[in-house]
Structure formats: structure tokens, C-alpha cells
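Asks:
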Amino acid sequence: MNISGINNTVFLGKIIDTHAHIGKLNGQSYKKSQLDVFVKKTLPNDDIIDKMYVSNIDVLTATEDEYIGNKKTLKIFKNSKKYEILASCSPKTGNIDKIKRLYLEFPNKFIGLKFHPSLQDLSLTDEKYKPYLEFANQNKIPCLFHTEVTVDNKGQIVPNVKNISDPEAIYKLAKKYKNTPFILAHLGAGWNEAHDKAIDVLIQSIEKGDANLYADISWVDIGLAHNGNFPKGEHRSKEHIIKAIKKLKGIGDENWKYGDQSFRLMFGSDAPIDRFSNKKDRIKEYTKYIDDIKFAIRNDKELKFNAESIIDNLFYNNAQNLYQKEILPTAPEKFGAMKKLAKKIVILLNKILKFCKI
Numbered sequence: 088m089n090i091s092g093i094n095n096t097v098f099l100g101k102i103i104d105t106h107a108h109i110g111k112l113n114g115q116s117y118k119k120s121q122l123d124v125f126v127k128k129t130l131p132n133d134d135i136i137d138k139m140y141v142s143n144i145d146v147l148t149a150t151e152d153e154y155i156g157n158k159k160t161l162k163i164f165k166n167s168k169k170y171e172i173l174a175s176c177s178p179k180t181g182n183i184d185k186i187k188r189l190y191l192e193f194p195n196k197f198i199g200l201k202f203h204p205s206l207q208d209l210s211l212t213d214e215k216y217k218p219y220l221e222f223a224n225q226n227k228i229p230c231l232f233h234t235e236v237t238v239d240n241k242g243q244i245v246p247n248v249k250n251i252s253d254p255e256a257i258y259k260l261a262k263k264y265k266n267t268p269f270i271l272a273h274l275g276a277g278w279n280e281a282h283d284k285a286i287d288v289l290i291q292s293i294e295k296g297d298a299n300l301y302a303d304i305s306w307v308d309i310g311l312a313h314n315g316n317f318p319k320g321e322h323r324s325k326e327h328i329i330k331a332i333k334k335l336k337g338i339g340d341e342n343w344k345y346g347d348q349s350f351r352l353m354f355g356s357d358a359p360i361d362r363f364s365n366k367k368d369r370i371k372e373y374t375k376y377i378d379d380i381k382f383a384i385r386n387d388k389e390l391k392f393n394a395e396s397i398i399d400n401l402f403y404n405n406a407q408n409l410y411q412k413e414i415l416p417t418a419p420e421k422f423g424a425m426k427k428l429a430k431k432i433v434i435l436l437n438k439i440l441k442f443c444k445i
């Protein structure tokens with residue numbers, strides 16, 4: 088929690104990073120040790136990474152089996168309370184029974200499901216997603232989807248490109264499974280118009296009330312010019328993060344009647360991929376990313392009066408409230424009969440005990 092004190096001193100608090108990975112991608116190998124550097128020590132700005140939500144890229148690329156790969160991920164992180172695990176899914180070649188088995192064998196160890204349509208090269212209209220999302224919908228399991236829209240060097244959407252992970256396609260899918268929170272990772276990725284499209288999709292879903300959409304801000308407004316004097320000097324712009332917060336709050340929209348919907352936006356980094364993998368600069372870059380966002384919120388003329396509350400929610404509370412571990416999934420059919428029999432036995436034993444007391 089951030090509390091403003093004397094002379095505008097701000098006591099910094101905990102952060103949940105909702106988007107992190109292990110596994111191999113584009114010839115790079117990402118390991119737990121590369122994430123530990125963020126969570127085991129206080130950051131240079133005195134922030135503490137309280138949790139990281141991790142998924143296994145090797146399952147998303149189908150390099151590893153869904154059951155074996157996710158079980159391995161649990162084993163890698165089992166001794167640390169700093170991590171929560173998303174069960175990675177590969178619907179193109181996988182089987183929902185393996186995900187159900189994981190949830191049954193390791194109750195409350197997974198906080199959600201992770202999908203990457205682009206890595207799978209699997210259109211969101213494909214029926215192979217159906218059993219996974221039916222399972223998620225039945226049990227109200229959050230589903231994190233990679234999103235991505237192709238843009239040119241001016242940030243304009245490139246027409247006639249096959250955007251498998253388009254936020255609009257995920258929105259269409261989410262309409263069918265309203266019990267399931269769908270999280271748009273990277274808020275559309277790309278740049279400029281890609282983020283604008285994801286924001287528009289979020290707002291449409293709220294106005295129409297026909298889907299349960301959220302987003303994380305990993306890869307949003309990154310790589311922009313910086314004068315190198317951070318944090319005392321110029322900060323990188325966070326135009327689309329600020330825009331998303333304002334839109335979700337209805338700021339500037341006189342017809343907005345949906346209250347504060349900014350709980351739908353969460354912090355994420357995609358660590359340790361790319362800029363967070365370099366041993367020399369990763370902590371510095373990670374801290375810059377966080378501080379630039381905070382700076383943008385605290386200095387926006389319409390957000391600055393509630394800046395600390397907005398920051399707390401974006402960096403911690405929103406994720407804490409969305410991702411709940413206490414999920415008791417419906418058992419596959421082969422386990423259903425056993426559960427029913429066990430229930431009958433318990434009822435019978437209770438009757439016998441009650442009779443014996445008389």
C-alpha cells in the first residue's frame with residue numbers, strides 16, 4: 088500500500104507481476120533463477136515483488152506435454168511462496184483431460200489457464216479450444232490469452248494480416264463463456280493502434296455486458312525514447328496505460344454509466360523475456376518500467392488526485408482480487424461416479440453415528 092506522508096514522502100508497497108515465464112523461446116532459455124533476481128530482493132525504488140504469475144512456454148509451444156510440463160513447473164517453484172502458476176495449454180495437440188488431471192491431483196495449485204494462439208498457430212475459431220474453455224467456464228477459471236496486432240513503424244494496423252491473437256477475436260470467443268475471465272495479455276501488443284484496438288474491445292465488452300474481459304499491461308508503451316537520467320530526469324511516456332485507466336473509469340465520457348471499471352487492468356512484465364534477460368540491465372530496466380508508470384499516473388492532471396489508490400490497484404489489488412486459487416473443478420466423468428459413491432458413504436456413516444448416539 089502507498090501512503091503519502093510528510094513532504095509528499097511515499098511509502099512504497101508490494102507488487103504482483105501477473106505475466107512471467109520459464110521455458111525456451113526463439114533460441115533463448117528462461118529459468119526460475121532469472122525471475123528470482125526480481126523477487127528475492129527489494130527493487131532499487133524500494134518496491135517489493137510480492138508475487139509473480141508464471142507459465143511454461145514449452146507447453147505453449149507443445150515442446151512439452153501438457154501434464155508433464157505443467158507438473159514440472161509446479162515442482163520447480165514448489166518451495167517458494169513468491170510464485171503462482173498458470174497451467175499452460177496447447178489445444179492444438181493437447182487434451183483437456185490432462186489439464187483436468189492436474190487440477191484434481193494438485194488442487195488449488197493453479198490460478199488460471201494460459202493460451203498463446205500465435206505460438207500454436209491455432210485460430211480462435213477452432214473447436215479445439217472448446218473443451219478447455221468449457222472447463223474454465225464451468226469452474227470460473229481465469230484464462231490469460233496472448234494478444235497481438237501487427238502494426239507498421241508508425242503504429243498503424245497493417246491491413247490483411249493474419250492476426251491470430253487479435254483482441255477482437257478473443258472478445259468474440261469470450262462472449263460464449265461469460266463465467267470465464269478472459270485476460271488480454273499485452274493489451275493488444277504491437278504499438279499505438281494495436282493498444283487502441285484492445286482498449287476499444289474492453290470498453291465495448293463493458294458497454295454491451297456480453298463478456299468478462301480484463302487486460303495486463305506487459306509490453307505496453309515500452310521502448311520509447313528516454314534521456315538516460317532516470318529517475319530524476321525525463322520519464323518514458325505511458326500514453327496507452329493512462330488512456331486505458333481513464334477509459335475504464337469513464338473519465339471524459341459524459342455518457343459513461345458503468346462506474347469505475349479500472350479493476351480490469353493489471354500490471355505485468357513478461358519477465359524474463361527480452362529486455363529483462365540481460366544480467367547487466369534487467370533490474371534497472373524493470374524498475375524503470377514500474378517507475379515510469381507510477382510517474383505518469385501521479386502527474387496526469389485527471390488521475391493525480393487519486394494516484395496512490397490507482398497505483399495500488401493496478402500493481403496489486405486488481406490481480407489479487409481476480410486470481411483466486413480456491414478452485415474446485417468439476418471432476419471428469421470417470422471420477423464422477425467415485426465422488427457420488429463417496430458422498431453416499433459419508434451420508435450413511437453419519438446416519439450410523441447418529442443412531443449410535445441415541
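Numbered by the working numbering, the letters in the sequence shown go through residues 88 to 445 in order. Where a beta carbon is used, it is the ideal one built from N, C-alpha and C, also for glycine.
#1: Count Cβ pairs between the region 174–189 and the region 142–155 that sit closer than 8 Å; are there 3 or more?
#2: Where does S349 fall in DSSP's three states?
#3: Quick one: complete beta strand (DSSP E) runs, 3+ long, within the region 228–296?
#4: Could you give the DSSP three-state label for T160: helix, strand or coil?
#5: Leaving out five residues on either side along the sequence, give the residues of the same chain with a beta carbon under 7 Å from the beta carbon of D208.
#6: Helix or strand or just coil, what does DSSP make of T105?
#7: In three-state DSSP terms, what is S177?
#8: Just grab the DSSP bridge partners of I172 for me.
#9: I109 and V141 look like a contact to me (Cβ under 8 Å); what is the Cβ gap, rounded to whole Å?
#10: I need the straight-line Cα distance from L112 to N342, nearest angstrom please.
#11: Return yes when the Cβ of N157 is within less than 7 Å of the Cβ of A174, no when it is not.
#12: Under 8 Å, with one C-beta from each stretch per pair, do the region 343–361 and the region 295–302 reach the 3-pair mark?
#13: Can you give me the C-alpha to C-alpha distance between N247 and L130, rounded to a whole angstrom?
#14: Between which residues of its own chain and H106 is the CB-CB distance below 7 Å, once the five residues before and five after are set aside?
#15: Could you give the first and the last residue of the continuous beta strand (DSSP E) run that contains Q115?
#16: Do the CB positions of G199 and V236 come within less than 7 Å of each other?
#17: Going by DSSP, which residues form a beta bridge with S111?
#18: Which whole-angstrom value is the C-beta distance of L274 and A261, which I expect to be below 8 Å?
Replies: Once the coordinates are examined:
#1: Result yes; three or more Cβ-Cβ pairs closer than 8 Å.
#2: helix
#3: 230–233 and 269–272
#4: helix
#5: I251
#6: strand
#7: coil
#8: V141 and F197
#9: Yes, I109 and V141 are in contact; Cβ-Cβ is about 6 Å, under 8 Å.
#10: Between L112 and N342, the C-alpha separation is close to 45 Å.
#11: One thing to note: A174 has its Cβ within 7 Å of the Cβ of N157.
#12: Contact between the region 343–361 and the region 295–302 is present: 3 or more CB-CB pairs across the two stretches fall below 8 Å.
#13: 43 Å
#14: Y140, A272, D303, S305, G355, S356 and D357
#15: Q115 to Y117
#16: no
#17: Residue identity check: residue 111 is Lys in the sequence provided, not Ser. Paired residue(s): S116.
#18: That pair is no contact at about 15 Å.
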